[in-house]
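Participant:
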Amino acid sequence: AGLTAQALPRGRCARRSNVAMPPARLWALHACLGLLAHGAAVANAARVAALRAQGAGDQAVMSAMEETMMAQQQALEALANEMQALQAGRGQAQPPTAPPQPSADHPAIAAIKAASPEPEGNNSVMVPCRTLLTPCGKLSLPVTLSEPLGGAQVVLRRPEDMKDWIKNADERFSQFVIISVGSGVLLYMLLKVAVPAYRRKLVERWKQIVSGRLNTDLDDLSQKERDQEMARRMDPKAETFIAPGNIYRACAVMEFDRTPLCYFIYLVAQAAAAMFMQVYLPFRIFYDIFQNWQPVGIKSPFWYTQAIMHYIALAVLMLVMTSCITGKAVEKIVTGAEANFYILTHQLPDTATGVDRPSRVRSTINKYFWCVSSMVLNVWTSVLCQAIFILKIMTYSEESLESIVSISVVIYFIFGLDSLIMDIDPKLRPNYRQAVLARSEVCAYEPIWLKVLAELARVLSKWSGYFGLLGYLVLRWRNRFTGEELGGDGLEWK
């Protein structure tokens, strides 16, 4: 910073035009010139950094840079004049030329470079010569590289040529996936129909669904064990109660003509809130997913080569979590169907004074409304929550698993909302179970269609997990706002 034009005349580099200087002196002046330029640059950077640290504006920084550059230019001019004067004093003396720099390339590599063509255009690639591929260096595309030992050849294409080739590969792979999946489904259906053993099981399963027989844990028990199990389920304190409670079934058994009006209105308000949440939340999440993402076809085959372990880990996670959610959904559907069927097929016995017919009609309408609503909401939440989780895994593009964990918590909350809301009032669940046990008279009509609906929902819930895994493996998704593509070739084309 102290080497300025004003300081030079007073230094050792003072002008002595009549003195013939030896070559060492000239080399020293060359070194002095280099040090002066380097010192001025360092001073310039230090002064700018100091002004920046003090919070100076851009105008002040530019002024400081101009002053420093002017001082540097004046110093260089003064030193150049010094050298000219010294050379004039020596007569024909000239500073020695710089020694030649040795080449860093091996002779073989230099020969390869000499044989390599110069790049033409903007489509170029750098091939290191240490790989011994010929040609090497900065090459124009397309180019064919040769390996000197084995004679293998590698063709490097232009990006626009690769774009067309990759698109054609994507189209062929999409056709292959569609044909393979369709053929697999058709072959599975043919096996179910053509093989006698599979056909008998299919017919028995269909008859079971139509007849309204639910697959429960009681099917594997003998008649005696079944009677004992049913007796245990009639205990109001048992965990496996005959009709597990939720807020909808509580409104069905605690009738408004046998319950204080204010308390019944309180139950109806809670049931309406739970119904709104179980209908709106899954629908809103499902709607938001398709607002942000859209399916655009089949995944590119090149997608499977990118972060394959991460892709497999997500597939295993989806398989495990989908199995858990499917099991929870099936259990909720079957348990809810049994509970609703029991309430609909049992009623309060007539007392000695009798029950007037309008009260019995209102009771029937009330319990059918709430039990059917409970069954429909069970099917709605079970199937839609499964679809939501599968779609969230399909459109997962973040660096952490927080979104998947959060959506899993929301799904389980939606599943159990109708049951959890009963815990607000500690007396509601015991009162509900007593009201269920008070219905000891069996009705003549049995709504078998309720069990048929439950079995169909059970089959749909089971197969949705399989189709969800298949969709995760083959479907490509694109973000409507950012253009991000999940399942693409992973390349950015201009």
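In terms of mature numbering (1 follows the signal peptide of the UniProt record, and there is no 0), the sequence shown is residues -45 to -1, 1 to 449. From the three backbone atoms N, C-alpha and C, an ideal C-beta is built for every residue, glycine too.
Just checking, does the segment 390 to 402 make contact with the segment 145 to 152 on the three C-beta pairs under 8 Å criterion?
Facilitator: Touching, no, given that fewer than three Cβ pairs across the two stretches are closer than 8 Å.
Participant: Would you list the one or two residues that DSSP bridges to residue 301?
Facilitator: Paired residue(s): 397.
Participant: Nearest to residue 196 by alpha carbon, out of 126, 128, 187, 204?
Facilitator: Out of 126, 128, 187, 204, 187 has the C-alpha closest to the C-alpha of residue 196.
Participant: From residue 379 to residue 286, what does the alpha carbon distance come to, in whole angstroms?
Facilitator: Between residue 379 and residue 286, the C-alpha separation is close to 24 Å.
Participant: Could you name the residues of the same chain whose beta carbon sits closer than 6 Å to that of residue 403, not counting the 5 residues immediately before and after it, in chain order?
Facilitator: Correct list, in chain order: 167.
Participant: Return the CA-CA distance between residue 325 and residue 185, expressed in angstroms with no decimal places.
Facilitator: When rounded, the distance between both Cα atoms is 24 Å.
Participant: Run the CB neighbour count on residue -26, radius 10 Å, all protein chains shown included, and call it buried at 16 or more, exposed below.
Facilitator: Summary for residue -26: the model assigns pLDDT 46, below 50, so the residue's position carries little reliability; its value from the coordinates is reported in the next sentence. Its Cβ having fewer than 16 others within 10 Å, residue -26 is exposed.
Participant: What's the C-alpha gap between residue 291 and residue 199?
Facilitator: Cα to Cα, the separation comes out at about 8 Å.
Participant: Relative to the alpha-carbon of residue 227, which residue among 245, 213, 204, 152 has its alpha-carbon at the smallest distance?
Facilitator: Nearest C-alpha to residue 227: 204.
Participant: Can you say whether residue 233 is buried or exposed, counting buried as having 16 or more other CB atoms within 10 angstroms of its CB?
Facilitator: Buried is the call here.
Participant: Mapping the DSSP letters down to three states, classify residue 286 as helix, strand or coil.
Facilitator: Helix at residue 286.
Participant: Below 8 Å on the Cβ atoms is my guess for residue 128 versus residue 253; work out the distance and round it to an integer in Å.
Facilitator: Contact flag correct, Cβ pair sits at about 7 Å.
Participant: What is the residue span of the alpha helix (DSSP H) that residue 183 lies within?
Facilitator: 178 to 188 is the span of the alpha helix (DSSP H), which, as asked, contains residue 183.
Participant: Measure from the alpha carbon of residue 281 to the alpha carbon of each residue in 431, 108, 432, 424, then state which is nearest.
Facilitator: The residue with the shortest Cα to Cα distance from residue 281 is 424.
Participant: Just to confirm, is the Cβ distance from residue 278 to residue 338 under 7 Å?
Facilitator: Going by C-beta atoms, residue 278 is not nearer than 7 Å to residue 338.
Participant: Just checking my contact of residue 410 with residue 164 at CB under 8 Å: how many whole Å lie between their CB atoms?
Facilitator: So it is a contact: roughly 4 Å between Cβ atoms.
Participant: Under three-state DSSP, which class holds residue 330?
Facilitator: Residue 330 falls in the helix class under three-state DSSP.
Participant: Applying the 10 Å Cβ sphere with the 16-neighbour rule, what's the burial state of residue 341?
Facilitator: Answer is buried; the Cβ neighbour count reaches 16.
Participant: Which residue wins for smallest C-alpha separation from residue 366, given the options 352, 347, 377, 351?
Facilitator: Measuring from the Cα of residue 366, the nearest candidate turns out to be 347.
Participant: Where does residue 95 sit, in a helix, a strand or coil, going by DSSP?
Facilitator: Of the three classes helix, strand and coil, the one that applies to residue 95 here is strand, per DSSP.
Participant: Less than 8 Å between the CB atoms is what I'm expecting for residue 443 and residue 431, so what's the real figure, rounded?
Facilitator: The Cβ separation is near 6 Å, so the contact holds.
Participant: In the DSSP assignment, the alpha helix (DSSP H) including residue 154 goes from what residue to what residue?
Facilitator: Per DSSP, residue 154 belongs to the alpha helix (DSSP H) from 151 to 166.
Participant: By a C-beta neighbour count over all protein chains shown, 10 Å radius and 16 as the cutoff for buried, is residue 437 buried or exposed?
Facilitator: Exposed.
Participant: Label residue 201 either buried or exposed according to how many other C-beta atoms from any shown protein chain fall within 10 Å of its C-beta, with 16 as the threshold for buried.
Facilitator: With 16 or more other Cβ atoms within 10 Å, it is buried.
Participant: Between residue 414 and the rest of its own chain, which residues show a CB-CB distance below 8 Å, the 5 nearest in sequence each way excluded?
Facilitator: Excluding residues within five positions, the ones whose Cβ falls inside 8 Å are 164.
Participant: Can you grab the Cα-Cα spacing for the pair residue 332 / residue 230, in whole Å?
Facilitator: Taking the straight line from one Cα to the other gives about 8 Å.
Participant: Entirely within the segment 359 to 440 and at least 3 residues each: give me those beta strand (DSSP E) ranges in chain order.
Facilitator: Whole beta strand (DSSP E) segments, 3+ residues: 430 to 434.
Participant: Return the Cβ separation of residue 358 and residue 441 in integer angstroms, given the expectation that the two are a contact with Cβ distance under 8 Å.
Facilitator: Going by Cβ atoms, the distance from residue 358 to residue 441 rounds to 14 Å, so no, they are not a contact pair.
Participant: Could you give the DSSP three-state label for residue 215: helix, strand or coil?
Facilitator: Looking at residue 215 - three-state DSSP - the assignment turns out to be coil, as it is neither helix nor strand.
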